[in-house]
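Visitor: Take 1 as the starting number for the sequence shown in UniProt numbering and just add one per residue.
Shown below is the structure under consideration.
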Amino acid sequence: MKKLCFAVMAMCMLLSCGGKNEKEAATEEATLSGLMKSDFVSEVDGKPTALYVLKNKKGAEACVTNWGGRLVSVMVPDKNGKMTDVVLGYDNIAQYVANPDMNYGALIGRYGNRIANSKFTLDGTEYQLPQNNNGHCLHGGPKGYHAVVWDAKQVDDQTLELTYLSKDGEAGFPGNLDIKVIYKLTDDNAVDIKYEATTDKLTVVNLTNHSYFNLSGVPGSQIMDHTIMIDADTYNPVDETLIPTGIEPVEGTPMDLRKPVVVGADIDNPFTQLVYGGGYDHNWILNAAGDINKVAAKVVSPTSGIVMEVYTNEPGLQFYAGNSMTKAGDKGKLGVVYPHRGALCLETQHYPDSPNQPAFPSVVLRPGEKYTSECIYKFSVE
């Protein structure tokens with residue numbers, strides 16, 4: 001009889017605990033963009049993952065996961081005051097891990113963009129990197145910083161600090177690189193991303209963010225009607241494999257974006273550079289020349305009225321118009337299918353393949369020096 005009582009009591013306790021968990025799950029508060037924090041609680045490569053929510057005094061919201069240091073959502077008001085998610089991504093950690101190379105919202109490194117033939121030479125030593133893009137190394141290789149778990153500390157309601165130690169020899173790069181990235185959602189509705197890094201050995205560094213932006217507020221739409229302005233008189237033309245071949249003026253070409261241009265107006269122009277990229281996928285050399293107080297680029301959606309301005313202390317900006325987004329569609333947040341050219345990326349950076357092109361600004365980092373970079377995506381309406 002006593003055994004039966006104990007069994008019944010144990011069963012009741014289990015049922016009670018189960019009921020409590022179900023109730024807690026049912027009452028879990030979703031983020032403004034509809035994300036559930038519990039969908040990001042996991043473990044990858046033995047390290048915990050989570051979703052961190054940043055909110056400012058105006059009610060805007062940005063969500064970041066420490067897997068890949070990815071910006072998962074950014075909620076800002078449109079011209080009618082409706083809160084709108086302006087970045088693409090997934091709504092759970094499992095999808096991110098299953099599709100790492102989509103790079104939605106990811107921190108990119110050790111070297112953003114391409115390094116030709118996946119190798120470079122420093123002080124007479126040649127370093128071999130992974131080949132993951134036409135024989136070249138793209139975005140640090142398949143296990144770049146977009147596919148690792150960063151250590152995270154939420155400093156306050158508006159600030160997240162991410163750190164990562166990239167060990168000597170990781171993906172073929174020399175030196176232990178100690179990295180800190182700070183995401184801050186400011187009260188003027190800007191996502192401010194600051195990067196710092198130090199090394200114990202001569203190395204190369206070029207960090208960036210790979211968020212995919214669609215400002216329209218229309219799920220599953222293209223960005224062909226967005227207007228874009230990039231304040232740049234010159235750009236890096238590329239060969240058939242998208243490796244820079246020098247510096248050329250934008251004047252008289254479809255690459256002239258100094259005044260606002262509709263993204264879809266010339267994107268399929270038979271101009272050789274657009275053919276090579278399948279559309280816009282090039283680095284523009286910014287007239288701001290590292291002045292973070294000057295607007296480097298501006299994108300506007302005529303549908304929502306949302307404006308995004310880009311500020312940076314970097315010399316270059318890669319404009320990628322989603323040319324390789326699958327025509328079959330990729331199912332993203334809340335089940336939305338993302339179409340071909342469903343978003344655009346504006347990656348602040350040094351020029352592609354700089355380690356192999358001495359005429360480009362140096363990306364070399366030495367022991368005792370500090371790498372710093374900053375990118376601000378500021379949102380407003382018009």
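Note that CB positions come from ideal geometry on N, CA and C, so glycine has one too.
1. When the distance is taken between beta carbons, is Val87 closer than 7 Å to Leu107?
2. Using a Cβ-Cβ cutoff of less than 8 Å, which residues in the same chain neighbour Asp123 once the five nearest sequence positions on both sides are dropped?
3. Assess contact between the region 297-311 and the region 214-226, defined as three or more Cβ pairs (one per stretch) separated by less than 8 Å. Is contact present?
4. Going by C-alpha distance, which of Glu29, Asn236, Tyr183, Leu215 is nearest Gln357?
5. Distance, Cα to Cα, Ala25 vs Tyr195?
6. Just grab the DSSP bridge partners of Lys119 for me.
7. Does the separation of the CB atoms of Val76 and Asn209 fall below 7 Å?
8. Should Ser118 go down as buried or exposed, given a rule of 16 or more other Cβ atoms within 10 Å for buried?
9. Pair every Cβ in the region 280-290 with every Cβ in the region 231-249, then say whether three or more of these pairs are closer than 8 Å.
10. Where do the ends of the alpha helix (DSSP H) carrying Ile93 lie?
11. Check whether the region 325-341 touches the region 357-373, taking contact to mean three or more Cβ pairs, one atom from each stretch, closer than 8 Å.
12. Measure the CB-CB distance between Thr84 and Asp91 and report whether it falls below 7 Å.
13. Enumerate, from N- to C-terminal direction, the unbroken beta strand (DSSP E) stretches of 3 or more residues contained entirely within the region 155-208.
14. Since Leu286 is in the alpha helix (DSSP H), which residue starts that stretch and which ends it?
15. Please look up how many angstroms separate the CB atoms of Val155 and Asn66, rounded, as I've assumed it's under 8 Å.
16. Have a look at Pro352 and Glu29 and give me their C-alpha separation to the nearest angstrom.
17. Please state the DSSP three-state secondary structure of Ala321.
18. Less than 7 Å between C-beta atoms, sequence neighbours within five positions excluded: which residues of the same chain meet that for Asn21?
19. Check whether the Cβ atoms of Glu240 and Tyr276 sit closer than 7 Å, and answer yes or no.
20. Looking only at its own chain, which residues have a Cβ that is under 7 Å from the Cβ of Val218, when we skip the five neighbours before and after it?
21. Near Asp266, what residues of its chain come up, given a Cβ to Cβ distance below 8 Å and the 5 sequence neighbours on each side ignored?
22. Going straight from the alpha carbon of Gly322 to that of Tyr104, what length do you get?
23. State the CB to CB distance for the pair Gln158 and Leu54, rounded to an integer number of angstroms; the pair is presumed to be in contact (CB under 8 Å).
24. Between Ile115 and Pro355, is the Cβ-Cβ spacing less than 7 Å?
25. Could you tell me whether the region 340-350 touches the region 309-318, using the rule of 3 or more Cβ pairs below 8 Å?
26. Quick check on DSSP: helix, strand or coil for Gly246?
27. Which term fits Asn80, buried or exposed, when burial requires 16 or more other beta carbons within 10 angstroms of its beta carbon?
28. Which whole-angstrom value describes the C-beta separation of Leu207 and Gly109, a residue pair presumed to lie in contact below a C-beta threshold of 8 Å?
Guide: On the basis of the supplied data:
1. No, the pair does not count as a contact, with Cβ atoms beyond the cut-off.
2. These residues qualify, in order along the chain: Leu202.
3. Contact holds between the region 297-311 and the region 214-226, because three or more Cβ pairs, one in each stretch, are under 8 Å apart.
4. Minimum Cα-Cα distance from Gln357 among the listed residues Glu29, Asn236, Tyr183, Leu215 corresponds to Asn236.
5. Legend: pLDDT at Ala25 = 47, less than 50; position of this residue unreliable, no value from coordinates given.
6. In the DSSP output, where bridge partners are listed per residue, Lys119 has Gln128.
7. Not closer than 7 Å, so no.
8. Of the residues assessed, Ser118 falls on the buried side of the cut-off, its CB having 16 or more other CB atoms within 10 angstroms.
9. Three or more pairs of CB atoms, one per stretch, sit closer than 8 Å, so the region 280-290 contacts the region 231-249.
10. Ile93 -> alpha helix (DSSP H) spans 93-98.
11. By the C-beta criterion, the region 325-341 is judged not to be in contact with the region 357-373, since fewer than 3 inter-stretch pairs fall below 8 Å.
12. Their beta carbons are not under 7 Å apart, which means Thr84 does not touch Asp91 by this criterion.
13. Listed in chain order, they are 159-166, 177-185, 190-199.
14. From DSSP, Leu286 is part of no alpha helix (DSSP H); its letter is neither H nor E.
15. Rounded to whole angstroms, the Cβ separation of Val155 and Asn66 is 14 Å, and the two are not in contact under 8 Å.
16. Taking the straight line from one Cα to the other gives about 42 Å.
17. It is coil, neither helix nor strand.
18. Residue confidence for Asn21 is low, a pLDDT of 48 falling below 50, so the modelled location carries little weight; the figure read from the coordinates is stated next. If you ignore the 5 residues before and after Asn21, its C-beta comes within less than 7 Å of no other C-beta in its own chain.
19. Yes, the pair counts as a contact, with Cβ atoms nearer than the cut-off.
20. For Val218, where only same-chain residues beyond five positions count, the Cβ hits under 7 Å are Thr303.
21. Excluding residues within five positions, the ones whose Cβ falls inside 8 Å are Pro254, Leu274.
22. Using only the alpha carbons, I get a separation of about 11 Å.
23. Gln158 to Leu54, Cβ: 5 Å. Contact.
24. Their beta carbons are under 7 Å apart, which means Ile115 touches Pro355 by this criterion.
25. Result yes; three or more Cβ-Cβ pairs closer than 8 Å.
26. Gly246 falls in the coil class under three-state DSSP.
27. The residue is exposed, with fewer than 16 neighbouring Cβ atoms inside 10 Å.
28. Yes, Leu207 and Gly109 are in contact; Cβ-Cβ is about 5 Å, under 8 Å.
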